[in-house]
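Below is one structure, written out as structure tokens; the observations come after it.
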Amino acid sequence: MTKKVFIKTFGCQMNEYDSDKMADVLNAAQGYEPTDNVDEADLILFNTCSVREKAQEKVFSDLGRVKHLKKKGVLIGVGGCVASQEGSAIVDRAPYVDVVFGPQTLHRLPELIARRKSEGRSQVDISFPEIEKFDAMPPPRIEGASAFVSIMEGCSKYCSFCVVPYTRGEEISRPFEDVLTEVADLADQGVKEVTLLGQNVNAYRGKMGGHTGSAGGNKTLDGLDHTHSAEIADFATLLEYVHEIPGIERIRYTTSHPKEMTTRMTEVYARLPKLVSFLHLPVQAGSDRVLAAMKRGYTAIEFKSVVRKLRAARPGLTLSSDFIVGFPGETEEDFEKTMKLIDDIGFDTSFSFVYSRRPGTPASDLVDDTPQTVKLQRLQRLQAKINEQANAIARSMVGSTQRVLVEGTSARDSTELSARTENNRIVNFAGHPRLIGQMIDVLITDAMTNTFRGRVVTQEQDQEGEQSSRGATA
Ligand code: SAM
Ligand code: F3S
Numbered sequence: 213m214t215k216k217v218f219i220k221t222f223g224c225q226m227n228e229y230d231s232d233k234m235a236d237v238l239n240a241a242q243g244y245e246p247t248d249n250v251d252e253a254d255l256i257l258f259n260t261c262s263v264r265e266k267a268q269e270k271v272f273s274d275l276g277r278v279k280h281l282k283k284k285g286v287l288i289g290v291g292g293c294v295a296s297q298e299g300s301a302i303v304d305r306a307p308y309v310d311v312v313f314g315p316q317t318l319h320r321l322p323e324l325i326a327r328r329k330s331e332g333r334s335q336v337d338i339s340f341p342e343i344e345k346f347d348a349m350p351p352p353r354i355e356g357a358s359a360f361v362s363i364m365e366g367c368s369k370y371c372s373f374c375v376v377p378y379t380r381g382e383e384i385s386r387p388f389e390d391v392l393t394e395v396a397d398l399a400d401q402g403v404k405e406v407t408l409l410g411q412n413v414n415a416y417r418g419k420m421g422g423h424t425g426s427a428g429g430n431k432t433l434d435g436l437d438h439t440h441s442a443e444i445a446d447f448a449t450l451l452e453y454v455h456e457i458p459g460i461e462r463i464r465y466t467t468s469h470p471k472e473m474t475t476r477m478t479e480v481y482a483r484l485p486k487l488v489s490f491l492h493l494p495v496q497a498g499s500d501r502v503l504a505a506m507k508r509g510y511t512a513i514e515f516k517s518v519v520r521k522l523r524a525a526r527p528g529l530t531l532s533s534d535f536i537v538g539f540p541g542e543t544e545e546d547f548e549k550t551m552k553l554i555d556d557i558g559f560d561t562s563f564s565f566v567y568s569r570r571p572g573t574p575a576s577d578l579v580d581d582t583p584q585t586v587k588l589q590r591l592q593r594l595q596a597k598i599n600e601q602a603n604a605i606a607r608s609m610v611g612s613t614q615r616v617l618v619e620g621t622s623a624r625d626s627t628e629l630s631a632r633t634e635n636n637r638i639v640n641f642a643g644h645p646r647l648i649g650q651m652i653d654v655l656i657t658d659a660m661t662n663t664f665r666g667r668v669v670t671q672e673q674d675q676e677g678e679q680s681s682r683g684a685t686a
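Quick note, in this note's numbering, the sequence shown goes up one by one and the last residue is 686.
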């Protein structure tokens, strides 16, 4: 009988991507098939997140909930950032956990499981073997016309509040040709949209000139940053090359860092039409004092200047962001500066969080005397403003024609299709299922709370080779 793996994912898109890779390696090495039903699983994996305390604590309660399944011989594994931080302490606290692995060792899962069985004791491997992870991956399994491609791992920014550099290690870029080959393979299999993935993709510095199997790190062996030398490609160069790959019609990337939004990066928005007119650019706060304490490496004016340049290169660009409210020492005046920045920029749907103290990070030593109720009130005010702005953007899109990628049938009504706009919003509309996987033009007729309704205005050349026809309803 086929063995089944149940994977529960917490946290960011990197984790979502890693979970897919876990399923791929387990399938290739040991024939595991993924399942959504925990009761029929032979292997249960938790891909954890430790960016905020709540997510971290959730893991142990979830582990407790599946512990009884061990009686049937089920194996349990913990991966991701909590695993990376806690290591064997997870097995100390929950001895029934069979394998603990980090974001950089997930490719070793089959080996760890085999060792768990042969040695009869829990296995822990949370090392950082750099780019080995990518080399050990089976080719990605394609679902639909959109795919994620990880281009770098880790983060070297060390924002004072964040655990990521400690759990995922320093920034390491995948070699340039490896990324291009993967995107070209995906395009050959019908993928039209790629999302280039990493904690700070615009810090990408990939080694050019053939794959060596070694780390394409951000620094070369002499310790110097050869960003503009012939052998190292920066992110702008990577985007230019991905843009030329036949079949790729839309390019997204996430996440990027304001500090790395160089002139070369703003220029590509003028030159590369396949790059979506939507950018997730985390700002975190609008007060220079708080930004400095966060060690973000820019001021509010510098952030605004980056946005101004981006919008000059690409009029109509919409931006989403991440915000942290209630960072230690944030005063009412600091918070008002964040609100002012939001007013000045005008953001689309964003992520906002109350600061969560993470042991081991520099900010965890700061005095944090703002009451939690005050922080929550600030968060509510901030979210209300962002929602207002996001709704205004949605309303302004009604009546416009949007180029969308049709992802499948609508979640609510299976007779309808569902597609995504450049700014990541869902549009539902009546259409023939043959449009799934196509880029088409849709007229936005209505804005609902989180989605749009629309009508097809162009029909791409379909599989039977019919010509496109403007004004047709599919
Ligand atoms: N690489 C991204 C960037 O450029 O900022 C961020 C990655 S981080 C995993 C995602 C978001 O989580 C951050 O942008 C930040 O807003 C939030 N975050 C990180 N540490 C946090 C903490 N200690 N408390 C609250 N939010 C936090
Ligand atoms: Fe975290 Fe800052 Fe890196 S938020 S992921 S340390 S850019």
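Backbone N, C-alpha and C define an ideal beta-carbon position, used for all residues, glycine too.
Keep in mind it's a predicted model, so treat the numbers as computed, not measured.
Spatial neighbours of residue i in its chain, beta-carbon cut-off 7 Å, leaving aside the 5 residues before and after
i, result
"S373", "Looking at the sequence itself, residue 373 is Phe, so the reference to Ser does not match. Around F373: M506, I536, F539, Y567, R570, T573, A575."
"A399", "I457, P458, G459, I460"
"L588", "V566"
"R590", "V537, G538, F547"
"K552", "G498"
Per-residue burial, residue i [other beta carbons within 10 Å of its own, 16 or more giving buried]
i, result
"T657", "exposed"
"G402", "exposed"
"S296", "buried"
"V454", "buried"
"A415", "buried"
"G418", "buried"
"E269", "exposed"
"M609", "buried"
"Q592", "exposed"
"G528", "exposed"
"T449", "buried"
"T475", "exposed"
"M364", "buried"
For residue j and residue i, the rounded distance between their alpha carbons
i, j, result
"A602", "H492", "14 Å"
"D446", "P583", "43 Å"
"R380", "G611", "44 Å"
"L238", "S362", "19 Å"
"D556", "N412", "24 Å"
"R615", "P341", "41 Å"
"V286", "R327", "15 Å"
"L408", "T466", "6 Å"
"C371", "I219", "30 Å"
"K345", "E355", "22 Å"
"R508", "S368", "12 Å"
"A253", "P350", "22 Å"
"M477", "S273", "43 Å"
"V586", "D248", "40 Å"
"G332", "V250", "23 Å"
"E265", "E298", "13 Å"
"G695", "S468", "Missing from the structure shown is residue 695; the chain here goes from 213 to 686 and no further."
"S330", "K282", "17 Å"
"R305", "K404", "45 Å"
Rounded distance between the beta-carbons of residue j and residue i, thought under 8 Å
i, j, result
"K549", "A512", "7 Å"
"S562", "S517", "That pair is no contact at about 20 Å."
"Y308", "K279", "6 Å"
"M420", "I444", "7 Å"
"T621", "L655", "Not confirmed; about 20 Å, so no contact."
"H319", "A359", "With 8 Å as the limit, H319 and A359 do not qualify as a contact, their Cβ atoms being about 19 Å apart."
"G314", "I288", "Going by Cβ atoms, the distance from G314 to I288 rounds to 16 Å, so no, they are not a contact pair."
"K236", "P352", "Note on residue identity: the sequence assigns Asp, not Lys, to residue 236. That pair is a contact at about 7 Å."
"V294", "S262", "5 Å"
"M226", "G291", "The Cβ separation is near 12 Å, so there is no contact."
"E394", "G366", "Actually they do not touch by this definition, with Cβ atoms about 19 Å apart."
"I598", "I554", "7 Å"
Minimum Cβ-Cβ distance from residue i to chain D less than 8 Å
i, result
"A235", "The question asks about chain D, but that chain is absent: this structure has only one protein chain."
Residues near residue i in its chain [Cβ-Cβ closer than 8 Å; skip 5 each side]
i, result
"R624", "N640"
"A482", "A525, R526"
"L484", "L451, E452, H455, I463"
"K215", "Q242, G243, Y244, E245, D254, L255"
"D187", "No statement about residue 187 is possible, as the shown extent of the chain runs from 213 to 686 and does not include it."
Beta-carbon proximity list for residue i, same chain, < 6 Å, skipping 5 on both sides
i, result
"G541", "none"
"A606", "A659"
"L392", "Y453"
"L688", "The structure shown has nothing for residue 688, since the chain only spans 213 to 686."
"D580", "P540"
"T221", "N227, E228, S231, N259"
"V502", "F539, E542, D546"
"V495", "F515, S533"
>> Please give me, in chain order, every unbroken run of the beta strand (DSSP E) with length at least 3 that falls completely inside the stretch 518-548.
In response: Counting whole runs of 3 or more residues, the stretch 518-548 contains the beta strand (DSSP E) stretches 530-532, 534-537.
>> Please give me, in chain order, every unbroken run of the alpha helix (DSSP H) with length at least 4 that falls completely inside the stretch 459-506.
In response: Counting whole runs of 4 or more residues, the stretch 459-506 contains the alpha helix (DSSP H) stretches 475-483, 500-506.
> Which runs of the alpha helix (DSSP H) fall wholly inside the stretch 315-385 and span at least 4 residues, in chain order?
Replying inline: Here the runs fully enclosed are 321-331, 344-347, 376-380.
>> At 3 residues or longer, what runs of the beta strand (DSSP E) sit wholly inside the stretch 548-573?
In response: Within the stretch 548-573, the complete beta strand (DSSP E) runs of at least 3 residues are 563-566.
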